[in-house]
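To keep things clear, I will list the structure first and then write my remarks on it.
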Amino acid sequence: MFIELLKIELYKIFKRPRTFIAFGAIAVIILLVQFALKVNGKDFVEFYTDSQADTFDIPFDKILNGYFVCVAVLHMILIHVPLLVALIAGDMISGEANLGTLRLLAGKPVTRTQLIMAKFWASTIYVILLLICMAFFALLGSMIIFGTEDLVVFKETDMHIMKSGDVIWRFFAAFVFAALALTTIAAMALMFSVFSENSLGPIVATVCVVIVFTIVQQLQVPVFEQTINPWSFTTHMLGWKGFFYVEKNAEGATIPGSIENPAALVRSGLILLGYIVLFLTISIRGFNKKDILS
Amino acid sequence: MKQRLLFFFAFSLFCTQLPAQAAKELLQKVKAKYDKVNDYTATGKMKTNVIFIKAPIANIKVYYKKPDKLKIKNENGVSFIPKGSANVNMNNVLGLSNFEAVESGTEKVAGINCKVIKIFPLSDEENITRATLYIDEARLLMIKSVISTRENGTYELLMTYKKYAEWGLPDKVELSFNTRDYKLPKGVTIDYDNGTGKGQPRDTKNQKGKVEIDYSSYEINKGVPDSAFN
Amino acid sequence: MSDVIRVKDLSKHFGELKAVQQLSFSVGEGQVYGFLGQNGAGKSTTIRMLMTLIEPTGGEIEIFGMNLRKHRKEILRQTGAIIEKPDLYKYLTAKENVRIFSRLSGVKASEKQIMDQLSLVGLAGRADSKVKTYSQGMKQRLGLACALVHNPGLIILDEPTNGLDPQGIADMRQLILHLSRDLHKTLLVSSHLLSEMEMVADHMLIIHKGEKVVEGKVSELLDPEKTMVELLTPDINSAIAEFKSGPWQRHLKEPVKGTVRLECNRNEIPALNKYLVEKGIPVQSLRPLNSLEDYFLSLTKV
């Protein structure tokens, strides 16, 4: 029955025009970024390398390759994708309540836990499809438009260069991690959705929480860095970037296939999983106790 | 033993007193050896050791053409090649026309007794402002050089010779140079905090960077098209 | 005849508000059970408790002889319901809606079964239209198709004629009678259009402020021997005084909102009228309250 429920939820999601707004928005944003980088890519790379221009010959053309563009695109849009995820997941229960179909659903021979889980997995599948769409446009599209080369990732205080043959698996891992991060957002939006009767509330609440925690994280002040940030999900949601931080050996050369701090990524993944479990538990308990009055 | 010591003392004294002309002569001899090479294409591996760069070992090609064209290319990847790497070409120094050369004794570099010669270009138009060369007089090879440039700071080159010593071409070059601070504004990259940078505010100012090139082969005097230097 | 629904001492409190209090009733197999009450009387709350949408504060519910809490799935599999407005997925077609609700009920309805249901409610011609293009009446009928697609034994309809035009109300009435008489379904139908219930229900329960007012067969509750007669007169005090002292004393009931009420046989009304004329009491109207609506009002108006 659960599979049947899941199929129904997915059917409903993909029958709604608003679902495709997210896919369309992602495609448009990616194409815009690719176009901008195709035209003004050198300026973009210069921004990162300006301080080293006197010391090194900067291979602008080679740096501006498909992999680099894909990382740039992910960097730019993954911060905003939670909004797109919230649009769907935040509407999962409250949207049905608003539409009046929640009472029909809850009056059917399925448990409320099954309903929540079906909606959660449907949201997760939506997130995965969104990321596949992103991978298609951002990775494959950029590879076609810009070609492939070694990947240079610019961090605040250092830069990491990876051989082109050592990159694709990192993208795959990064997308998997991003799926976990966005599923956390979906679980949170679903949780808010359980306690709301209208669609807008959970969506706004989710986006507000993400914005607040992101700002707290960006402030980089000790009072937050030692208290909130180590446990804030927005800190760990950036874990996808960790797959592009490479480790070097004693002689300073990067180690192919390495990750700078895999233990940190595992920890981040576990913390995000913990959040998902927490949000789902609250959702299930809340929904099971909820009197459906809509 | 006494005789030996006496001889060494006398030789040292003689050396320090060597006039500039003698230094220039030695340089001419070295240059004559290097001049046997009209062009070359070398393949090798480049290792970058800069505090803020994590780079893989790069397979590079080095193109040279007399008198002063030199290009290091990573044809199958991305490398940040130090601008001072042009000084791998000794003709940059040896080709100077208007300079003063002063010999300042000998020094052991990498186990080799070298003659130390200081060069001061006299023209204001030269990029090189000062150079100290450590020359293996017996083999007429440049073992080490410290070159100060007007635009790119000071570079130190350490060269090891084996197979191509007769051409004056090193099997290994270590290029040390000063790096500038690398720090992007906060909030631009929004890094993932994986704990590796915590509690250790790293000073990227006034740090030395190093690039090592291990040459595996040279193709000497077989012609290099000008397009290779683009 | 066994009971399909048996409710005992059912209560639901929302904080201080006692929406349903100690409500007990039973619905027999094959009955059309009218569930009557004013808006806010507690009908929908009761129905939501029957559909497990609301957790009761107290009491027991048994459906098909099984405890609702313990056998929720088995019971809901055999139950179809429209609760308040027939809200469906507007962005889906009628056919898609019926298919979804059949699957939610554990039945994989075939294309033919879906079309049969839509034909039953007169929507076969619009099966592929999106619900957002439907009128209120069409949505109501589609809601019924969704409630019936898995062939439930018990059908619960909450205000099924709400928002319908006269033709829609007549169609719904015919459908309810068809379900009961031809398909032998048990129906619990709530409505505030009581005249409609009078025409379809064989049993009824009237609740007011969450409490049972009366329950029984419609034919017994509307006994022609006990017709309520309402007298409207400008001189109500004289009329009451005359009734209290005269032969109509035993028929006199409590006055309601400026009217005098008497319980009597229908054929006694002319005599009553004659008596009033003889006593010189001006009569503006003398009206038998013979509909369920009037009956309901007579019981619940204060």
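Residue numbers (the numbering used here), protein chains in the order written: chain A, 171 to 464; chain B, 2 to 231; chain C, 40 to 341.
We treat Cβ as the ideally placed atom computed from N, Cα and C, and that holds for glycine.
Owing to the predicted nature of the structure, the values given are computational and were not obtained by experimental measurement.
Other residues of its chain near residue i: CB distance less than 6 angstroms, five sequence neighbours each side excluded
i, result
"T49(B)", "A56, V212"
"S41(C)", "E68"
"L159(B)", "K145, E175"
"G176(C)", "L203, G207"
"G145(C)", "R116"
"N99(B)", "L123, S124"
"I454(A)", "T283, I286"
"Q29(B)", "none"
"D210(C)", "none"
Same chain, Cβ closer than 8 angstroms to residue i, five either side skipped, listed in chain order
i, result
"K325(A)", "Y415"
"L301(C)", "M267, V268, L270, F282, W287, H290, L291, K292, L311"
"P187(A)", "none"
"V435(A)", "At residue 435(A) the sequence reads Leu, which differs from the Val that was named. Only F347, G409, G412, F413, I429 meet the Cβ criterion."
"R273(A)", "I462, S464"
"I215(C)", "V71, L196, P199, L226, V228, V239"
"N179(B)", "G154, T155, N207, Q208, K209, G210"
"P68(B)", "N92, G96"
Residue i in three-state terms, based on DSSP
i, result
"L116(A)", "Given a span of 171 to 464 for chain A in the structure shown, any question on residue 116(A) remains unanswerable."
"I275(C)", "helix"
"S324(C)", "strand"
"R131(B)", "strand"
"M91(B)", "coil"
"M287(A)", "helix"
"L56(C)", "strand"
"E417(A)", "coil"
"Q61(C)", "strand"
"E269(C)", "strand"
"M313(A)", "helix"
"K177(A)", "helix"
"S219(C)", "helix"
"K185(A)", "helix"
"I295(A)", "helix"
"R151(B)", "coil"
DSSP beta-bridge partners of residue i
i, result
"Q208(B)", "T180(B)"
"D227(B)", "None, per the DSSP bridge assignment."
"S41(C)", "DSSP lists no partner for S41(C)."
"K145(B)", "Y135(B), L159(B)"
"P83(B)", "F226(A)"
"P122(B)", "F100(B)"
"Y219(B)", "A43(B)"
"D197(C)", "S229(C)"
"M332(A)", "L321(A)"
"S50(C)", "G97(C)"
"G255(C)", "M243(C)"
"Y64(B)", "T42(B), K72(B)"
"G21(C)", "Residue 21(C) lies beyond the stretch modelled for chain C, which goes from 40 to 341, so this question has no answer here."
Beta-carbon neighbours of residue i, restricted to chain F and to distances below 9 angstroms
i, result
"P252(A)", "Chain labels in this structure do not include chain F; the protein chains are A, B and C."
Close Cβ partners of residue i (< 7 angstroms) along its chain, the five nearest in sequence each way excluded
i, result
"I221(B)", "V38, Y41, W168"
"I343(C)", "Because chain C is modelled from 40 through 341, residue 343(C) falls outside the range shown and cannot be assessed."
"N128(B)", "T150, R151, E152"
"Q60(C)", "S50, G249, E250"
"K256(C)", "D241, H242"
*Is the number of C-beta pairs between the segment 300 to 310 of chain A and the segment 268 to 280 of chain A that are closer than 8 angstroms three or more?*
Output reads no: the segment 268 to 280 of chain A does not touch the segment 300 to 310 of chain A.
*Give a yes or no on contact between the segment 271 to 279 of chain C and the segment 85 to 103 of chain C, applying the rule of three or more CB pairs nearer than 8 angstroms.*
These segments do not touch.
_Short-range partners of chain C found in the segment 255 to 282 of chain A, where Cβ spacing is below 8 angstroms_ = When CB distances to chain C are screened at a threshold of 8 angstroms, the residues of the segment 255 to 282 of chain A falling below it are L269, G270, T271, R273, L274, L275, A276, G277, K278, P279, V280, T281, in chain order.
*Do the segment 363 to 381 of chain A and the segment 291 to 305 of chain A touch if we need at least three Cβ pairs shorter than 8 angstroms?*
The segment 363 to 381 of chain A vs the segment 291 to 305 of chain A: no contact.
*Taking contact to mean at least 3 C-beta pairs separated by less than 8 angstroms, is the segment 40 to 57 of chain C in contact with the segment 73 to 80 of chain B?*
No contact exists between the segment 40 to 57 of chain C and the segment 73 to 80 of chain B.
_Closer than 7 angstroms between beta carbons: that is the criterion. Which residues of the segment 307 to 322 of chain A meet it against chain B?_
Listed by position along the chain: E319, D320, V322.
_Beta carbons nearer than 8 angstroms to chain A: which residues of the segment 145 to 168 of chain C have them?_
Shown in chain order are the members of the segment 145 to 168 of chain C whose Cβ falls below 8 angstroms from a Cβ of chain A: G145.
*Check distances from the C-beta atoms of the segment 155 to 177 of chain B to those of chain A and list, in chain order, the residues that come in under 9 angstroms.*
Legend: CB atoms of the segment 155 to 177 of chain B lying less than 9 angstroms from CB atoms of chain A are not found in any residue.
_If the cut-off is 8 angstroms on Cβ atoms, which residues from the segment 49 to 65 of chain B count as contacting chain A, listed in chain order?_
Hits within the stretch, in order: T49, N50, V51, I52, F53, I54, K55, A56, P57, I58.
*Contacting positions in the segment 323 to 342 of chain A - beta carbon closer than 9 angstroms to chain B*: So the close ones are V323, F324, K325, E326, T327, D328, M329, H330, I331, M332, K333, S334, D336.
_Residues of the segment 411 to 431 of chain A with Cβ closer than 8 angstroms to any Cβ of chain B, in chain order_ = Flagged, chain order: K411, G412, Y415, V416, E417, K418, E421, G422, A423, T424, P426, E430, N431.
*Does the segment 130 to 145 of chain B touch the segment 104 to 114 of chain B, meaning 3 or more C-beta pairs lie closer than 8 angstroms?*
Counting C-beta pairs closer than 8 angstroms gives three or more between the segment 104 to 114 of chain B and the segment 130 to 145 of chain B, which meets the contact rule.
*Indicate whether the contact test is met: 3 or more Cβ pairs, each with one atom in the segment 166 to 183 of chain C and one in the segment 131 to 145 of chain C, closer than 8 angstroms.*
These segments touch.
*Flag this pair as touching only if the segment 367 to 377 of chain A and the segment 393 to 410 of chain A have three or more C-beta atom pairs under 8 angstroms; answer yes or no.*
Segments in contact, no.
*Does the segment 230 to 244 of chain A come close enough to the segment 313 to 320 of chain A that 3 or more CB-CB pairs lie under 8 angstroms?*
As far as the Cβ criterion goes, the segment 313 to 320 of chain A touches the segment 230 to 244 of chain A, which means the pair count is three or higher.
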